[in-house]
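Numbering (our numbering), first residue to last: 272 to 445.
C-beta: ideal position from N, C-alpha, C; glycine also.
Here is the structure we will look at.
In structure tokens:
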């Protein structure tokens, strides 16, 4: 089973649509979102996902009431740390900031985190997989990305979304 992983949308609906297209194309049956929607603006686009959406808040989610209301239509939303078990039994622990779960990882097999906007995949000494999908928004590093986890292989990969155009410099008028 394929599971999409994303975070740090920061209201970039265009890049979110690229992520949704990718998740649907590879057959993700669930999508985990590790926070920072920023506003309810991005929630309606998530209705196009073909799989269940499981999300937690980030540290930059302003209108949490609006986000929570919209998420009732598309999936499950909770405060981090959020535990979720895939239909085939893989145990996930999701948060926005890794420091929020360092002392409560428990029996999670996969830990999803974000906040740094830098994609990474690593295993700890116990074999648990730690996945940071990077940022959907692309605002910070201009390299938007998501991750896809395969429950059969127990592996994840970072997938780059279409690159952001270069920043435009505004010419000052004399």
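Limits of the alpha helix (DSSP H) - the one that residue i falls within
i           : result
residue 335 : 335-345
residue 372 : Element bounds for residue 372: n/a, residue is neither H nor E.
Own chain partners of residue i with C-beta closer than 6 Å, once the 5 adjacent residues on each side are dropped
i           : result
residue 326 : 304, 348
residue 341 : 311, 314
residue 359 : 272, 422
residue 351 : 327, 366, 367, 371
residue 386 : 367, 368
residue 322 : 299, 300, 301, 302
residue 411 : 388
residue 337 : 311
Collapsed DSSP secondary structure at residue i in the structure displayed
i           : result
residue 331 : coil
residue 432 : coil
residue 407 : coil
residue 379 : coil
residue 291 : helix
residue 421 : strand
residue 357 : coil
residue 284 : helix
Nonlocal neighbours in the same chain, by C-beta distance under 8 Å from residue i, ignoring five residues either side
i           : result
residue 335 : 328
With 16 other Cβ atoms within 10 Å as the buried cut-off, status of residue i
i           : result
residue 391 : exposed
residue 333 : exposed
residue 299 : buried
residue 291 : buried
residue 379 : buried
residue 425 : exposed
residue 297 : exposed
residue 281 : buried
Extent of the continuous beta strand (DSSP E) to which residue i belongs
i           : result
residue 300 : 299-304
residue 391 : 391-394
residue 364 : 362-365
residue 275 : 273-277
CB-CB length for residue i against residue j, believed under 8 Å
i           : j           : result
residue 283 : residue 307 : Residue 283 to residue 307, Cβ: 11 Å. No contact.
residue 316 : residue 288 : 6 Å
residue 279 : residue 407 : 6 Å
residue 346 : residue 324 : 3 Å
Beta-carbon contacts of residue i that lie in its chain and below 7 Å, excluding the five residues immediately before and after
i           : result
residue 452 : As shown, the chain starts at 272 and ends at 445. That puts residue 452 outside it, with no answer to give.
residue 286 : 407, 408, 409, 415, 432
residue 403 : 384, 385, 387, 389, 390, 391
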